[in-house]
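Okay, so the sequence shown: first residue is 129 according to my numbering, each after it adds one. Let me begin by presenting the structure, written as C-alpha cells, before commenting on it.
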Amino acid sequence: MREDSTRAEGSIVLASGPSASIAPGGPGSGTAHAGTARAGGDLLARLPPFAARWRLPRSQLVLGPLAGRIALGGLALGGLALVAFATAAPSPLVPRSYLGFAHWESGPLHLLLGHLSADPTTLNLSLSALLVAMTAAYGAALLAVRTLSMRTIVIFVVAVHAILLMSPPLQLTDLFNYLGYARLGGLHHVNPYTHGIASELHDPVYRYTTWHHLRSPYGPLFTALSYPLAWLPLPVAYWVLKVVTVLASLGFVALVYRCARLLGRDPRFAVVFVAANPVFLLFGITGFHNDFFMLVPSTAAIALLLARRDRAAGAVLMLAIAVKFTAVLLLPFLLIAARPSARRLRLLAGAALAAIPLVALSVALFGLTIPNLSDQSTLLTGFSIPNLAGLALGIGGGAPGLLRVANVALVLSVIYLLRRRGDWLSGAGWATLALIASLAWLVPWYVIWLLPLAALSTSLRLRRATLAFTVFLVFAFMPATGIILSAQGINPMGTSVGQASISLQHKLER
129 MREDSTRAEG SIVLASGPSA SIAPGGPGSG TAHAGTARAG GDLLARLPPF
179 AARWRLPRSQ LVLGPLAGRI ALGGLALGGL ALVAFATAAP SPLVPRSYLG
229 FAHWESGPLH LLLGHLSADP TTLNLSLSAL LVAMTAAYGA ALLAVRTLSM
279 RTIVIFVVAV HAILLMSPPL QLTDLFNYLG YARLGGLHHV NPYTHGIASE
329 LHDPVYRYTT WHHLRSPYGP LFTALSYPLA WLPLPVAYWV LKVVTVLASL
379 GFVALVYRCA RLLGRDPRFA VVFVAANPVF LLFGITGFHN DFFMLVPSTA
429 AIALLLARRD RAAGAVLMLA IAVKFTAVLL LPFLLIAARP SARRLRLLAG
479 AALAAIPLVA LSVALFGLTI PNLSDQSTLL TGFSIPNLAG LALGIGGGAP
529 GLLRVANVAL VLSVIYLLRR RGDWLSGAGW ATLALIASLA WLVPWYVIWL
579 LPLAALSTSL RLRRATLAFT VFLVFAFMPA TGIILSAQGI NPMGTSVGQA
629 SISLQHKLER
C-alpha cells in the first residue's frame with residue numbers, strides 16, 4: 129500500500145483532504161501535518177514514472193462553488209423526479225405494483241402527482257438517462273467539493289434523504305421480505321431460518337414479497353430487532369421501517385464525517401463521495417435495504433478505534449456482523465490498526481464480550497439454526513464479475529467451479545492485503561472490493577459497503593477503482609442496457625449455467 133498512501137493528495141477529485149499521519153501508537157494518536165501541501169509535493173516528487181501518469185493537474189480539475197451547488201441540486205432534483213414517477217402509478221419501478229398499489233405504499237406524493245404516467249419503455253429509458261445524468265452530476269460535485277461549504281453539503285444530504293423517504297421501495301421487494309420474515313417469527317412463531325415466507329400464505333404481507341421459499345439470509349440481530357414490527361398493522365410497519373432505514377443512512381453519513389475529522393481529513397470530500405453517489409441514492413436509499421443497519425455499527429467501529437476506544441470498537445463491530453456477516457471482513461484490518469498488542473487484546477475482548485449475549489439471543493430465538501447464506505450464494509446476476517468472466521472464458525458464465533475459484537481468490541487477496549504494509553483502511557477497502565467482485569449475486573447497492581473505506585483511505589487508486597466500479601454498476605443495471613442487449617440478441621444469462629440459476633431463482637420465488 130505504500131504507493132497508494134503517498135498519493136492521497138494527487139487529485140482534487142479523489143483526495144480526501146489533508147492527510148493525517150498516524151503515530152506508532154496507532155490510529156487516533158497522530159495529528160495532521162502542518163504544511164501538508166509542501167509535504168505532499170515532496171512525496172509526489174518521489175513517485176516512480178509509471179505512478180506519475182495517475183496524477184492530473186489540480187488546475188484542470190477544479191470547479192467553482194456555483195457548479196458544485198448546481199451539481200448537488202441536480203442530484204436532489206433527479207431524486208425528486210424519480211420519486212414523482214414511482215409514486216404516481218403502477219410501473220416497472222415498483223415491483224408487483226401492477227397487482228395493486230395501495231395509497232399507503234405509494235406515499236403522500238401520490239395525492240399530488242397521481243396524474244403522471246408513462247409507458248414502460250419510455251419510463252425505462254428515462255430512468256437510464258436519469259442515472260447517467262446523476263452520475264455526471266456526482267462527478268461534478270466531486271470536482272467542486274473543496275469550494276463548497278459544509279453547510280451546503282449538509283442541506284443537500286438531509287434534503288435528498290427527505291425526498292427519497294417519500295418513494296416506495298424501488299427495483300426489489302427487500303423491505304417487504306424483511307417484514308415477511310418478521311411476521312413469520314414475531315406473529316406466527318415460525319422460525320424464519322427453517323421456513324420460507326410461503327409458510328403463511330394468508331398473511332397480508334405475502335402478496336408484496338418475492339422470495340417465498342427462501343429461508344431468511346439475514347443476521348440474527350437484524351431479524352430479532354424486526355420482530356416488533358410484526359405486531360403493527362402492515363402500513364404502519366412499512367413506514368416505520370422506511371423511516372428507521374433513512375435515519376440509519378443519515379447516521380451512517382454522519383459517522384463518515386466523524387471518521388474523516390478523526391483522521392484529520394477534509395470531511396466535505398468524504399461526505400460527498402459517499403452521500404452523493406448515484407448508486408447510494410437511487411439503489412441504496414430508495415431500496416430501503418438493511419445494509420445501512422450493518423454500515424452504522426461497522427463505521428462506528430472504525431470511529432471508535434480511531435478514538436482509541438478499542439473495547440467499544442470490538443463490541444460494536446460484532447453488532448454489524450450480527451446484522452450481516454460480511455462485516456467480519458473488517459475485523460482483521462482493525463486488528464492491524466490496533467497497535468501495540470495491548471490494544472488488539474482490548475479489541476478482541478470487546479468483541480468476545482459482545483458476542484456472548486448475541487449468541488445467547490440467537491439461540492433463544494432461533495435455536496442452533498443460522499442464516500441461509502447458501503442458496504443466494506449459488507444464484508447469478510448477469511453482470512456479476514464471475515458470470516462475465518465465465519462468459520469470456522467460454523465456460524457458460526458463473527459455473528460452480530469458477531465460483532469456487534473466485535472464493536479462493538478472495539481469500540488469497542485478503543491474506544495478501546493483510547501482509548502488506550500501508551494504510552489499513554486502504555487494505556480493508558481493497559478487500560471489500562475483492563469481496564464484491566467475487567459475488568455471483570451482484571446487485572448495485574453492494575458498492576455502498578466500499579464507499580466509506582474508499583473515502584477515508586489514503587489510496588488514490590482505490591478511490592478511482594470505486595468510481596469506475598460505480599460507473600460499471602450504473603451502466604450494467606440501468607434498464608436501457610437490457611433493452612439494447614436484448615435487441616442485439618445478447619443475454620448474459622442465456623447459457624445453461626445462467627438458465628439453471630434462473631430456474632433456481634424461480635423455484636425460490638414462486
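Yeah, the Cβ is synthetic: ideal placement off N, Cα and C, and Gly gets one too. Model, not experiment: these values are computed from the prediction.
Please state the DSSP three-state secondary structure of residue i.
{"i": "Phe-605", "result": "helix"}
{"i": "Lys-452", "result": "coil"}
{"i": "Arg-437", "result": "coil"}
{"i": "Asn-405", "result": "coil"}
{"i": "Arg-83", "result": "Only positions 129 to 638 of the chain appear in this structure, which leaves residue 83 out of reach."}
{"i": "His-341", "result": "coil"}
{"i": "Asp-302", "result": "helix"}
{"i": "Ser-426", "result": "helix"}
{"i": "Thr-463", "result": "In the sequence as presented, Thr is not what sits at residue 463; that position holds Leu. DSSP places Leu-463 in helix when its eight states are reduced to three."}
{"i": "Arg-396", "result": "helix"}
{"i": "Gly-495", "result": "coil"}
{"i": "Gln-627", "result": "helix"}
{"i": "Thr-351", "result": "helix"}
{"i": "Gly-550", "result": "coil"}
{"i": "Arg-638", "result": "coil"}
{"i": "Phe-511", "result": "coil"}
{"i": "Tyr-321", "result": "coil"}
{"i": "Asp-503", "result": "helix"}
{"i": "Leu-632", "result": "helix"}
{"i": "Asn-418", "result": "coil"}
{"i": "Leu-200", "result": "helix"}
{"i": "Gly-379", "result": "helix"}
{"i": "Gly-518", "result": "helix"}
{"i": "Thr-134", "result": "Residue placement at Thr-134 is flagged as unreliable, the pLDDT there being 33, under the threshold of 50; the coordinate-derived value follows with that caveat. Coil at Thr-134, not helix or strand."}
{"i": "Phe-411", "result": "helix"}
Using the Cα positions of residue i and residue j, report the straight-line distance between them to the nearest angstrom.
{"i": "Ala-465", "j": "Trp-552", "result": "6 Å"}
{"i": "Pro-320", "j": "Leu-632", "result": "19 Å"}
{"i": "Met-278", "j": "Arg-396", "result": "6 Å"}
{"i": "Met-294", "j": "Ser-354", "result": "21 Å"}
{"i": "Ala-268", "j": "Arg-592", "result": "15 Å"}
{"i": "Phe-494", "j": "Val-487", "result": "10 Å"}
{"i": "Thr-249", "j": "Pro-296", "result": "20 Å"}
{"i": "Asn-534", "j": "Phe-461", "result": "According to the sequence displayed, residue 534 carries Ala and not Asn. One C-alpha to the other measures close to 21 Å."}
{"i": "His-323", "j": "Ser-502", "result": "14 Å"}
{"i": "Arg-589", "j": "Arg-437", "result": "30 Å"}
{"i": "Ile-283", "j": "Ala-441", "result": "30 Å"}
{"i": "Trp-577", "j": "Gly-201", "result": "25 Å"}
{"i": "Ala-470", "j": "Ala-477", "result": "11 Å"}
{"i": "Arg-439", "j": "Arg-472", "result": "9 Å"}
{"i": "Ala-714", "j": "Leu-423", "result": "The question about residue 714 has no answer here: the residues shown for the chain are numbered 129 through 638."}
{"i": "Ile-498", "j": "Ala-480", "result": "19 Å"}
{"i": "Arg-311", "j": "Thr-351", "result": "10 Å"}
{"i": "Val-491", "j": "Pro-485", "result": "10 Å"}
{"i": "Leu-175", "j": "Trp-558", "result": "With a pLDDT of 42 at Leu-175, under the threshold of 50, the predicted position of this residue should be treated as unreliable, though the coordinate-derived value follows. The alpha-carbon atoms of Leu-175 and Trp-558 are separated by roughly 21 Å."}
{"i": "Met-621", "j": "Asp-394", "result": "43 Å"}
One question on the structure: do residue i and residue j come within less than 8 Å of each other, judged by their Cβ atoms?
{"i": "Leu-307", "j": "Val-333", "result": "yes"}
{"i": "Leu-463", "j": "Leu-447", "result": "no"}
{"i": "Ala-261", "j": "Val-384", "result": "no"}
{"i": "Thr-414", "j": "Leu-298", "result": "yes"}
{"i": "Ser-505", "j": "Gly-526", "result": "no"}
{"i": "Pro-193", "j": "Leu-276", "result": "yes"}
{"i": "Leu-410", "j": "Ala-429", "result": "no"}
{"i": "Leu-433", "j": "Gly-626", "result": "no"}
{"i": "Thr-454", "j": "Phe-416", "result": "no"}
{"i": "Gly-412", "j": "Trp-573", "result": "yes"}
{"i": "Ala-562", "j": "Ser-587", "result": "no"}
{"i": "Pro-220", "j": "Asn-252", "result": "yes"}
{"i": "Phe-640", "j": "Val-456", "result": "In the structure as shown, the chain begins at 129 and stops at 638. Residue 640 is therefore absent and cannot be evaluated."}
{"i": "Gly-518", "j": "Leu-530", "result": "yes"}
{"i": "Ala-556", "j": "Leu-579", "result": "no"}
{"i": "Val-575", "j": "Val-399", "result": "no"}
{"i": "Gly-360", "j": "Val-371", "result": "Note that residue 360 is Leu in the sequence shown here, rather than Gly. In this structure, Val-371 does not lie closer than 8 Å to Leu-360 by Cβ."}
With a cut-off of 8 Å on the beta carbons, I'd call residue i and residue j a contact; round off their distance for me.
{"i": "Leu-349", "j": "Val-288", "result": "Rounded, the Cβ-Cβ distance is 28 Å, inconsistent with contact."}
{"i": "Ser-344", "j": "Asn-500", "result": "6 Å"}
{"i": "Ser-191", "j": "Ala-272", "result": "For the sequence presented, residue 191 should be read as Leu rather than Ser. The Cβ separation is near 4 Å, so the contact holds."}
{"i": "Pro-356", "j": "Trp-232", "result": "Actually they do not touch by this definition, with Cβ atoms about 19 Å apart."}
{"i": "Ala-212", "j": "Leu-237", "result": "7 Å"}
{"i": "Ile-291", "j": "Leu-208", "result": "5 Å"}
{"i": "Leu-210", "j": "Met-606", "result": "Contact flag wrong, Cβ pair sits at about 12 Å."}
Check whether the Cβ of residue i sits closer than 7 Å to any heavy atom of the ligand MG, and report yes or no.
{"i": "Pro-425", "result": "Here there are no bound small molecules, and the ligand MG is not part of this structure."}
### Query
How do the region 404 to 414 and the region 596 to 609 stand: do at least 3 beta-carbon pairs fall below 8 Å, yes or no?
With the cut-off at 8 Å, the region 404 to 414 and the region 596 to 609 touch.
### Task
Assess, as a yes-or-no matter, whether the region 331 to 347 is touched by the region 385 to 393 under the definition of 3 or more beta carbon pairs within less than 8 Å.
The answer is no - the region 331 to 347 does not touch the region 385 to 393, with fewer than three Cβ pairs under 8 Å.
### Query
Taking one C-beta from the region 423 to 439 and one from the region 309 to 323 each time, how about it: are there three or more such pairs within less than 8 Å?
As far as the Cβ criterion goes, the region 423 to 439 does not touch the region 309 to 323, which means the pair count is below three.
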